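Okay, so here's the structure we're looking at.
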Amino acid sequence: MSFHKHVLNNGLTIVGEISPSARSVAIGFFVKTGSRDETPEVSGVSHFLEHMVFKGTPHRTALQVNYDFDRIGASYNAFTSEENTVFYAAILPEYLPQAVDILADILRPSLRGDDFDMEKNVIIEEIGMYDDQPMWCAYDNAKKAFFNEHPLGNSILGTKESITALSRDQMQAYYDRRYVAPNITVSLAGNFKWDDAVKLVEKQCGSWPTGTAPRGNIKPVEPRKYQQVMTKEKLNQEQVFMLAPAPAADSPERYAADTLAMIVGDDSGSRFYWALVDPGRAEAADMSFHDYEGTGSYFTSFSCEPENTQDNLALIQEILREVQHEGVSDEELAVAKSKILSRVVRGSERPMGRMQALGMGWTYLKTYRSVDEELVNFDAVSLKDIRGVLDRYPFDELTVLALGPLAKLE
Amino acid sequence: MAQQVFQHTLSNGLTLLLERMDHVRSAAVNFLVPAGCAYDPPGQIGLVSIFSDMITRGAGDRDSRALSLAMDSLGLDHSESVGQLHLRLWGSTLARNIPPSLELFADVLLRPHLPAEELDSVKSLALQDLQSLEDEPRAKVMVEMRRRFWPAPLGQDRRGTEETISRITPESLRAFHAARFGPKGIILSVAGNMEWQPLRDQVEKLFGDWKGAATPPPELTPPIKGNAHLEKDTTQTQIVIGYASVPFGHPEYYTALGAVQVLSGGMGARLFTEVREKRGLCYSVSANYQTFKQVAGVLCYAGTTTERAQETLDVTIGELKRMIEGVSEEEVQRVRAGLKSSVIMQEESTSSRAGALASDWYYLGRVRPTEEIQQAVDALAPASILEHVKKYPPRDFTIVTLGKNPLTLPV
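Protein chains in written order, with my numbering: chain E, 1 to 410; chain P, 411 to 821.
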């Protein structure tokens, strides 16, 4: 494994990790923009734009984009989060030139009016699809309640209304502001030649406009003691989310926070598992750590029969209080580390996994962390570190959102 | 790099397969036990699902907590999943932790405690699973589709009903274990950075003394077929369309797969292009090939808002029927490229390879070398796909929808 980095004159950064034994190569364009960078009147534009990127350029129609990717057998897609819009493909090594050619080309989309109008329908269908998934609705609304005024609470998809009202020119303006070279990182991992890759990217992207794409409000989020019930009488199960602040992506405490979330709420062998799932009180119960630029949060969630919701809520709060006051045990920490070691190693075995880790690492920290360095960081977490993160980010003030048949919570 | 595949069948009938992958640090193991939900005792549908949860609640010398701790300490990610014909036990961790993990798996398979006092908890989870299905339109429509489309009991839902779950007892779980858990027919596949000889020796030691007769395959009765609409107040209407194909191992398997890829192989494939890209009718549309030993089919899915559901169905059916008009060289070239990539990229994933080894062995009694698959893929041509489609045209559809309104179905 070897790491390489190059910055083009316009500020676009290329990072790569070469793994000669890989059978393929993965490449991703990481644009540092997402729903948190949107104003209310363009809610959902980042994600809609991600779709429009596949709808063609002066050189390719929408159908040609798909055909060109398919012709090289690419496994490709894109996703939009609160903070990033990522376009990626995994291909056999011999097709890297074509993959760079297509990806770089589509990152300068035409945003044609008729394509824009057609794709609006698809976005509205996507909103409808998630609308029928209670877990997703609960997640999205809990995030909104917790982040409240903070832009991280912005919806990624937007609403049917905001998407319907959005104009092509508003999208173009957003694109021009956000898709500037210094705001984009190209990440490559797997079997490829670094010098060739740099030449390919430079040829295609070297003339992209430069500029700055600042991000507003990156302040840490404050705890918000708040409770909301969304009653959906036609559902059978109750979905509950509980959120609390956690360390940010660039905090050294992120490793302790991630480990703590695993001890408390992993899907196997955690405190939540033994208290809720093993005895059949809840179908699922877990805690995960999400880190963002400038802030982070713990997401606790469970789903169960509505009549058990109140008891389960009390049980979870009891577990959180206990962890808050007494911390975790040596054994719990050791077991969590074994699980993390295994997951990190396995997650890094495919170029797609490494490309994502590399791209995200660079976007957030502007540093390279090899798999082994990442393992060392997790291995160094001590009980004292866990205590520290608990003290600085306590669980005692929670935003609680329940979605399902229940009319109210106590 | 040449593939390194090893195989050994124990005298009791358990088959061990290994694909050695020395460029990774991990390994995955996969047990296919011929004890899927098609073997649920009549009147106790849901038993195998309950069994799959109970089986890790203590085994050998360890109680439930000790077993869970032992697995977690090895970094062993594991899952127990219920298929129609097989119960699958899967695990993955660092290669060096696979030998102690196999000891745990041997306990789980041979010496599960199936603790009676935990049955109520597990039943409660099973009932919640059943309740959740009503909250998940896409899963719900699939369950109804499978029930109609496949010969019974292949389409039987693993969840059972409140009533059948209530009849399951600690004794029936133990009886199921005694009757259905024997070495004959079990396929244990391993892929990753493992040495063959020590693995083979360990598996002989752990499973060599296991005795038991083979589970005969279930008797199949013809499917119900027929169309159905499930009324539900949802934002989107769910549409599933099924039609017959040829099973894995059939001489026309690759051309059948090629035809499905023409429909749904990439974003440039016909369904995505015609339904989503050109008309914006839905977010999700696809066709999936599914197979058993004797029967196979293609299940197409689309989810779309109520107002656009009729057009989505009509356009999708239109595309299926248009297949017999032929496919272009350009389309087949894309299909070949997609299949070729996925075959090669599969070699980067220990879990994919472990799964593929087991499935090849179950269907074909051998592991297909990558070159064989490549050659078959390279041989795909418009003429051979068209010939297949003419012999097995998409028709006699089974259509199941779920949503506010029923749709007008093609005659």
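For each residue, glycine too, the CB sits at the ideal point set by N, CA and C. What you are looking at is a predicted structure, and each value in this text was computed from that prediction instead of being measured.
Does residue i get closer than 9 Å to chain P when you measure Cβ to Cβ?
i	result
E:Q324	no
E:W194	no
E:P134	yes
E:I14	no
E:D278	yes
E:S342	yes
E:M129	yes
E:I319	no
E:L63	yes
E:E119	yes
E:W274	yes
Which bits of chain B does residue i rub up against, with CB to CB less than 7 Å?
i	result
P:C692	You won't find chain B in this structure, because its protein chains are E and P.
My understanding is that residue i touches residue j, with C-beta atoms under 8 Å, so please give their C-beta distance in whole angstroms.
i	j	result
P:V551	P:L543	Not quite, the Cβ-Cβ distance comes to about 10 Å (not below 8 Å), so this is no contact.
P:P593	P:G423	5 Å
P:L428	P:W606	6 Å
E:N416	E:R224	Chain E is shown from 1 up to 410; residue 416 of chain E falls before or after that span and cannot be answered.
P:R435	P:L504	6 Å
E:F87	E:L243	In fact, because the Cβ distance is near 29 Å, the residues do not count as touching under 8 Å.
P:A536	P:G456	6 Å
E:G216	E:A248	So it is not a contact: roughly 16 Å between Cβ atoms.
E:G190	E:S19	6 Å
P:G765	P:N507	Going by Cβ atoms, the distance from P:G765 to P:N507 rounds to 20 Å, so no, they are not a contact pair.
E:V221	E:P245	5 Å
E:G280	P:S534	3 Å
Straight-line CA distance for residue i to residue j?
i	j	result
P:P563	P:T631	7 Å
E:S329	E:D379	15 Å
P:S674	P:Q648	18 Å
P:Q785	P:T665	13 Å
E:W194	E:H4	7 Å
E:V180	P:V745	35 Å
P:I578	P:T571	11 Å
P:G501	P:R472	18 Å
E:S207	E:N10	7 Å
P:R610	P:V725	53 Å
P:H639	P:R805	19 Å
E:S75	P:A719	29 Å
Nearest chain E C-beta to residue i closer than 9 Å, yes or no?
i	result
P:E544	yes
P:A679	yes
P:E605	no
P:L535	yes
P:I460	no
P:V532	yes
P:L564	no
P:L479	yes
P:T645	yes
P:R557	no
P:K814	no
P:G485	yes
P:I754	yes
Starting from the beta carbon of residue i, find every residue of chain E whose beta carbon is closer than 8 Å, and list them in chain order.
i	result
P:A747	D70, R71, I72 and G73
P:E758	A22, R23, S24, E349, R350 and P351
Interface residues of chain P around residue i at Cβ under 9 Å?
i	result
E:V229	Those within 9 Å of E:V229 in chain P number zero; the least Cβ separation is about 17 Å.
E:Q237	Q538, Q541, S542, E544 and D545
E:E373	Residues of chain P passing the Cβ test: none, with the nearest at roughly 15 Å.
So residue i contacts chain E; which residues on that side make the cut at Cβ distance below 7 Å?
i	result
P:D482	S268, G269, V335, S338 and K339
P:T714	E125
Show which residues of chain P have a CB atom less than 7 Å away from the CB atom of residue i.
i	result
E:R346	S436 and S502
E:V122	R686, G690 and Y693
Under 8 Å Cβ-Cβ, which residues of chain P neighbour residue i?
i	result
E:C304	Q538
E:L96	Simply none; closest approach about 13 Å.
E:N66	G676, M677, G678, F682, T683 and E687
E:I91	S751
Anything in chain E within Cβ reach of residue i, meaning under 9 Å, just list it in chain order.
i	result
P:Q720	The premise fails here: P:Q720 is roughly 15 Å from chain E at the closest Cβ pair, so nothing lies under 9 Å.
Please go through the stretch 202-264 of chain E and give each complete beta strand (DSSP E) segment of 3 or more residues, from N-terminal end onward.
-> Taking only runs of at least 3 residues, the beta strand (DSSP E) segments lying wholly in the stretch 202-264 of chain E are 226-231 and 238-246.
In the stretch 132-201 of chain E, which residue ranges form an unbroken alpha helix (DSSP H) of at least 4 residues, counting only runs that do not cross its ends?
-> Positions of the alpha helix (DSSP H) runs, each at least 4 residues long and wholly inside the stretch 132-201 of chain E, are given as 134-147, 160-165 and 168-178 in order along the chain.
Inside the stretch 683-752 of chain P only - alpha helix (DSSP H) runs reaching at least 4 residues = 716-732, all fully within the stretch 683-752 of chain P.
Which ranges does the alpha helix (DSSP H) cover as unbroken runs of at least 4 residues, wholly within the stretch 768-806 of chain P, from first to last along the chain?
-> Listed in chain order, the complete alpha helix (DSSP H) runs (minimum 4 residues) inside the stretch 768-806 of chain P are 780-788 and 792-801.
In chain order, which continuous runs of the beta strand (DSSP E) of length 3 or greater are located wholly inside the stretch 628-692 of chain P?
-> For the stretch 628-692 of chain P, the full-length beta strand (DSSP E) segments reaching 3 residues or more read 638-641 and 646-655 along the chain.
What are the complete alpha helix (DSSP H) segments, minimum 4 residues, inside the stretch 259-347 of chain E?
-> You should have 309-326 and 330-347.
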